[in-house]
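Q: Okay, here's the structure, questions in a sec.
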Amino acid sequence: MGERPHAFKAGHGNLSTWRGTTVTMPPSGHRGPRHPVNDEQALRDELLAQARRLGASGLSQGTSGNLSARHGDGFLVTPSGMPYDELRAEDLVRVDMQGRYEHRLRPSSEWRFHRDIYAARPDAAAVVHVHPPHATALAMCRMDIPAAHYMIAVGGGDSIRCAGYHTYGTQALSDAVLEALDGRLACLMANHGMLAVGSDLAQAMWRAVEVETLARHYALALQVGRPVLLTDGEVADVLATFANYGLMSPRS
Ligand SMILES: [Zn+2]
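Numbering (our numbering), first residue to last: 126 to 377.
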């Protein structure tokens, strides 16, 4: 349970934009550097608000999916098997980096990859994991999303990889997710769903919605014809623009 995750391998090819920018402009509209939420209650309230948005966003049905936010030397995560509309702020489970918790509810059964992402990726302050229809359909085919649209840049590189299949909740799945996230901010998960990280909860949610939209466009394009891929240079130009807007920056 306390097994240490493998180290994050830095960079992935020359399109990686994982490079220590410090200012985040979240998609929620307010500009300027973000200050991490230090107050646990405020973070619980924000996590609850974002969790309740999951159903309306089309990202999640029923109790599928889970989300978390880094807090102190651990993280807060949604509990296992509870409908989001019944969730209260106090139901969110605080888990430490050894996977320990003290709560009447169990953390999401998928807490392990949340923990391992926070351990391996100091830039990640929030994780959204969901099973939305289009991203999951591609994941069922074990397909990566290539650079067929400039919004591929939301994932931080020239593709959104599909992590290999392993049983949910296992260390093997967590290892596969970290590998697919190398130099990236989102990945698909074979025969399962998708995952997005962010420098805060709002950014992680925004990214998850954009990845699902991208997956929908790509799936449609595959039915219409053969999608034309952008060149490395074209993708690099967009990645540079995104970096300027802070859309893929680590938490300041
Ligand atoms: Zn899942």
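For each residue, glycine too, the CB sits at the ideal point set by N, CA and C.
So which residues touch the region around ligand 1, with touch meaning a C-beta under 6 Å from any heavy atom?
A: Ordered along the chain, the selected set is Glu-235, His-254, His-256, Tyr-293, His-317, Gly-318.
Q: Starting from the Cα of Thr-292, find the closest Cα among Ala-315, Val-353, Phe-367, Gly-190 and give me that residue.
A: Stepping through the sequence shown from its first residue, residue 292 is reached at position 167. Cα-wise, what sits closest to Thr-292 is Ala-315.
Q: Three or more C-beta pairs under 8 Å: does that hold for the region 196-211 against the region 226-241?
A: Contact holds: three or more Cβ-Cβ distances are below 8 Å.
Q: I believe Ile-270 touches Leu-372 by the beta-carbon criterion, under 8 Å. Please report the beta-carbon distance rounded to the nearest angstrom.
A: The residue given as residue 270 occupies position 145 in the sequence shown. The residue given as residue 372 occupies position 247 in the sequence shown. Between Leu-372 and Ile-270 the Cβ distance is about 17 Å, and since that is not below 8 Å, they are no contact.
Q: In angstroms with no decimal places, state the Cα-to-Cα distance between Ser-284 and Ala-181.
A: Here residue 284 is taken as the residue at index 159 of the sequence shown, counted from 1. Here residue 181 is taken as the residue at index 56 of the sequence shown, counted from 1. Each residue's alpha carbon lies about 27 Å from the other.
Q: Is there contact here, the region 182-196 with the region 245-260, by at least three beta-carbon pairs under 8 Å?
A: As far as the Cβ criterion goes, the region 182-196 touches the region 245-260, which means the pair count is three or higher.
Q: Could you tell me the alpha carbon to alpha carbon distance between His-256 and Met-319, rounded to whole angstroms?
A: What you label residue 256 is simply residue 131 of the sequence shown in a count that begins at 1. What you label residue 319 is simply residue 194 of the sequence shown in a count that begins at 1. So the alpha carbons of these two residues sit roughly 6 Å apart.
Q: Hey, how far is the Cα of Ser-153 from the Cα of Ser-185?
A: Taking the first residue of the sequence shown as position 1, residue 153 is located at position 28. Taking the first residue of the sequence shown as position 1, residue 185 is located at position 60. Since pLDDT at Ser-153 reaches only 44, below the 50 mark, its modelled position is unreliable, and no value is offered.
Q: CB-CB under 6 Å to Pro-232, same chain, minus the five flanking residues each way: which ones, in chain order?
A: Stepping through the sequence shown from its first residue, residue 232 is reached at position 107. Here the set comprises Val-202, Val-218, Val-220, Tyr-226.
Q: For Arg-177, which of Glu-235, Pro-208, Ala-262, Asp-307 has the nearest alpha-carbon?
A: Position 52 of the sequence shown, counted from the first residue, corresponds to residue 177. Ranking Glu-235, Pro-208, Ala-262, Asp-307 by Cα distance to Arg-177 puts Pro-208 first.
Q: By the 10 Å Cβ neighbour count, where 16 or more other Cβ atoms means buried, how is Tyr-370 classified, buried or exposed?
A: Taking the sequence shown and counting its residues from 1, one reaches residue 370 at position 245. Label assigned to Tyr-370: exposed.
Q: Can you check which of these residues, Glu-165, Pro-352, Val-279, is closest to Thr-366 by C-alpha distance?
A: Numbered from 1 along the sequence shown, position 241 holds the residue referred to as residue 366. Measuring from the Cα of Thr-366, the nearest candidate turns out to be Val-279.
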